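Asks: In my numbering, the protein residues as written are 1 to 639.
Heads up, the beta-carbon is just placed ideally off N, CA and C, and yes, glycines get one too.
No experiment lies behind these values; they were computed from the predicted model shown.
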Ligand SMILES: [Zn+2]
Ligand SMILES: [Zn+2]
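1. Is DSSP giving residue 329 helix, strand or coil here?
2. Do residue 345 and residue 494 have their beta-carbon atoms positioned less than 8 Å apart in this structure?
3. I'd like to confirm something about residue 320: is its beta-carbon nearer than 7 Å to some heavy atom of ligand 2, or not?
4. Should residue 104 be counted as a contact of ligand 2 given a C-beta to heavy atom distance under 7 Å?
5. Less than 6 Å between C-beta atoms, sequence neighbours within five positions excluded: which residues of the same chain meet that for residue 77?
6. Any idea what DSSP makes of residue 144, helix, strand or coil?
7. So, helix, strand or coil for residue 249, using DSSP?
8. Of the residues 296, 620, 123, 187, which one's Cα is nearest the Cα of residue 362?
9. Pull the bridge partners of residue 462 from the DSSP assignment, please.
10. According to the neighbour-count rule (16 or more other Cβ atoms, all chains shown, within 10 Å of its Cβ), is residue 380 buried or exposed?
11. What are the boundary residues of the beta strand (DSSP E) that includes residue 112?
12. Do residue 364 and residue 510 have their CB atoms nearer than 8 Å?
13. Return no unless some Cβ of chain B is closer than 8 Å to the Cβ of residue 602.
14. Whose C-beta lies closer than 8 Å to the C-beta of residue 427 among residues of the same chain, with five residues either side of it excluded?
15. Are at least three pairs of beta-carbons, each pair with one atom in the stretch 124-134 and one in the stretch 98-114, less than 8 Å apart?
16. Any contact of the stretch 618-625 with the stretch 519-538, i.e. 3+ C-beta pairs under 8 Å?
17. Between the Cα of residue 399 and those of 513, 270, 195, 340, spot the shortest distance and give me the residue it belongs to.
18. Bridge partners of residue 391, per DSSP?
19. Of all residues in the structure, which have a C-beta closer than 5 Å to any heavy atom of ligand 2, taken in chain order?
20. Are the stretch 518-525 and the stretch 559-571 touching by the rule of at least three beta carbon pairs closer than 8 Å?
21. Going by DSSP in three states, residue 313 sits in which element: helix, strand or coil?
22. For the alpha helix (DSSP H) holding residue 277, just list the boundary residues, first then last.
23. Which of helix, strand or coil does DSSP assign to residue 623?
24. For residue 391, verify whether its CB is less than 7 Å away from any heavy atom of ligand 1.
25. Alpha carbon to alpha carbon, how far is residue 631 from residue 568? Give it in angstroms, no decimals.
26. Using the rule of at least 16 other Cβ atoms within 10 Å of the residue's Cβ for burial, across every protein chain shown, is residue 331 buried or exposed?
27. May I ask which residues mark the beginning and end of the alpha helix (DSSP H) holding residue 47?
28. Determine, using beta carbons only, whether residue 259 and residue 272 come nearer to each other than 8 Å.
29. Which of the three DSSP states, helix, strand or coil, is assigned to residue 617?
30. Following a CB-centred definition, is residue 176 positioned closer than 7 Å to any heavy atom of ligand 1?
31. Could you check where the alpha helix (DSSP H) with residue 89 kicks off and where it finishes?
32. Could you say which of 214, 421, 231, 574 lies nearest to residue 72 if we only look at CA atoms?
33. So, helix, strand or coil for residue 200, using DSSP?
34. Bridge partners for residue 176 per DSSP, in chain order?
35. Decide if residue 30 is buried, meaning its Cβ has at least 16 other Cβ atoms within 10 Å, or exposed.
36. Residue 302 by DSSP, collapsed to three states: which one?
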C-alpha cells in the first residue's frame, strides 16, 4: 500500500506504486491532461520527476503544470531538446553540446561547419513544429557513465561524450529519447512532444565551447517558449516595444550622447543629453539640500593603502583602474564611501552631530569586461547620487523610514509608480554579532512596514557587513530595474578608524548607511529614455519649446518670443530657417520636443503664438503669457 499526500493535505492510497500520471488521473481528467511533471517532497528536499515516474513509497506529491514556474521551466527545457532534435534531423553532421534554460527561454549550442543562416533558423523552427505535432512520447533510460560515453561516441557526438566523461566514474546518467533523438539530461521532461506548442527561435550567435575563447566556436541558437499563445505574443510584443525604446538608438536619433572606441564604456554627452543629465543632477541636488544632506566632493584617485584597508585592493583589484606616480600606487575610486569616511574623520564628532548625512555626485570607475557593457546602462564610468549616513544603531529605523519616503517621491516625479521592495538578510559569512544583525534586519523590515510597503525577504542575500533594502522600479513595459539601495554597514567606518564621542564620553564607531536613490545617473537616464520612449517629460526635455517662424519675415518676432521665454528660464530653441512650416513641425516632432510654437503674420500682429503639443495636439492660439502659465503648470506637475 502506498499513501500519497497531496498539497491540500488530502491522501490517496494505492495498492501498487503509482506513477505521477496515475495519481493525477485520480484527481481529475483535466489535471491528468495538464500534468507536466511531479514534485515529490517539500521545501529543500523537493525533487522534480517525470509523469511516468513510479512512486515506490509513501510521499507528498504535487502535480506540476504550466501554471507553475517549474512547469514553464520544464516546457522551455523540453523545447531546447526539440530544437536539438530538429537540428539533427535537418543537419545530421551537426553535433549537439548543451542546451540550458535561460530567462524567458532557452538556447542550445551546436558544433557545425558553418554559421546557421536566418533561412536555416526558419527551417529549423518549422521542423520543430512538425516534430511536436507528431506528439512523440519522451522516454527515459539510465546508463552507467562509461556506457553512456561509449554510446555517444558511437553516434559521433564527441562533445556529449566529453561532458559525460567529466562526471565521476561509477555514476549513472539519464538519457531522454523522443523519436530518433536521444540526449543526456537530468530531466524531468514533458511526457510527449505534443505539449510543446508556443515557441519561437530568436537568433543565432557564436559561442565558444565551455565559454573558453581558446576552444572552437559553436553555433548558439536562442529560442523562447511559453505556456500559452497569448503569453508568447505578449512577450514578442514586449521585445518589439523594448527595441523601439532602445536608449542606444534613441540616444543617437535625439543626439543625446555617443560611445566611442577611444573610451570603451565611457559616455560622451552631447549638449542635449548633457542638459538632461544636468536636470537630473539639479533635481537630486535639491533632494539632498531639502532633506538634511550636506553635499561633499572627494578626490577621484586615492592611494592604494586606503584600498588595502577597505579590502578592495585584495578582493576587487582587477575591477579597479590603477595608476602610479612617484613610486606610489593609486586607484581610481570604484566607490565613494571611503572618501566620505575620511571627511567624517576630520575634527571630533559627537553624538550630537549624528545622524550626519553626506551626499555626493560621485564619479566612479569600474573596470568591467567590455563584453558586458551595454549603451549607457552598463558602463565603466558612472556617477552615483551617493549618500552616506553616519548614525547610531538606534537611528537606523528612522533614517530608513525617511529615506523610503524620499525615494518614493523621487521615483514618482520621474514617472515611476510601481516599486518592488526586498530586504536582503544575513549571509553565512558575515561580521558582527547576531544581536546587531537582529537589530539591523528588524529596523529595515520595520521601516518598510511603517512606510506601508509590501516587501519580500531575500534570505542570505545581504552583504557580509550588513543587511540591505533593494528598491526595484517597474517601467512602462513591465521590465524591472533595481536602482535604489539602503545598506547597513557595521564594518567600513571602523576599518578606517571613524568614531564619535557618545553621550557617556566613550568613543564609538558609527553605523554607516550607504544609500542611493537613482543609482548610476548614466543608467538611470538610459532607463528614463526607455521608460518615456524618448519623449521625456517637459521638465527633463533638452529643449522644452521650439519657436518656428512660418516665413523669414516673421523671424524677428519668433526670436523675440524665444528671448522672452528664455528670460523666464524656459529651455527654448528657434527654427528660423527658410523651410516649409510643415517640414519644421515634422522635424521637431520627431525630436520629441514637448511644445512647438508656430508664429506667422497673424500671431505677430496679435502678440500671440499657435501652440502644438507633442503627439500632434493642436492647442490653438494663445497669448504668450497664457502659454507660459500652461507650461509652468506642466512643469509643476512633473509627471
Ligand atoms: Zn533535458
Ligand atoms: Zn557607500
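Replies: Judging by the given coordinates:
1. Reduced to three states, the DSSP call for residue 329 is strand.
2. No. Outside cutoff.
3. Residue 320 Cβ: outside cutoff for every heavy atom of ligand 2.
4. For ligand 2, not one heavy atom lies less than 7 Å from the Cβ of residue 104.
5. If we look at residue 77 and ignore the five residues flanking it on each side, its Cβ neighbours are 101.
6. DSSP places residue 144 in strand when its eight states are reduced to three.
7. Note: residue 249 maps to helix in three-state DSSP.
8. Closest option to residue 362, judged by alpha-carbon separation, among 296, 620, 123, 187: 296.
9. According to DSSP, residue 462 bridges with nothing at all.
10. Around the Cβ of residue 380, a 10 Å sphere holds 16 or more other Cβ atoms; the residue is buried.
11. Careful: residue 112 lies outside any beta strand (DSSP E) and carries neither H nor E.
12. Not in contact: residue 364 and residue 510 (Cβ atoms no closer than 8 Å).
13. Of the chains in the structure shown, none is chain B; there is only one protein chain.
14. Result list for residue 427: 460, 461, 462, 463, 464, in chain order.
15. As far as the Cβ criterion goes, the stretch 124-134 does not touch the stretch 98-114, which means the pair count is below three.
16. Below 8 Å, too few C-beta pairs join the stretch 618-625 and the stretch 519-538 to call them touching: fewer than three.
17. Closest option to residue 399, Cα to Cα, is 513.
18. Answer is 511.
19. Listed by chain position, these are 337, 514.
20. Touching, no.
21. Helix.
22. Counting along the chain, the alpha helix (DSSP H) containing residue 277 begins and ends at 271-290.
23. Residue 623 falls in the strand class under three-state DSSP.
24. No, the Cβ of residue 391 stays beyond 7 Å of every heavy atom of ligand 1.
25. Their Cα atoms are separated by approximately 11 Å.
26. The residue is buried, with at least 16 neighbouring Cβ atoms inside 10 Å.
27. No alpha helix (DSSP H) holds residue 47; the beta strand (DSSP E) holding it covers 47-49.
28. At least 8 Å separates the beta-carbon of residue 259 from that of residue 272.
29. Strand.
30. Under cutoff, so the answer is yes.
31. Element bounds for residue 89: 69-90.
32. With distances taken between Cα atoms, residue 72 lies closest to 231.
33. DSSP places residue 200 in strand when its eight states are reduced to three.
34. Residue 176 pairs with 140, 183.
35. Around the beta-carbon of residue 30, fewer than 16 other beta-carbon atoms lie within 10 Å, marking it exposed.
36. Three-state DSSP puts residue 302 in a strand.
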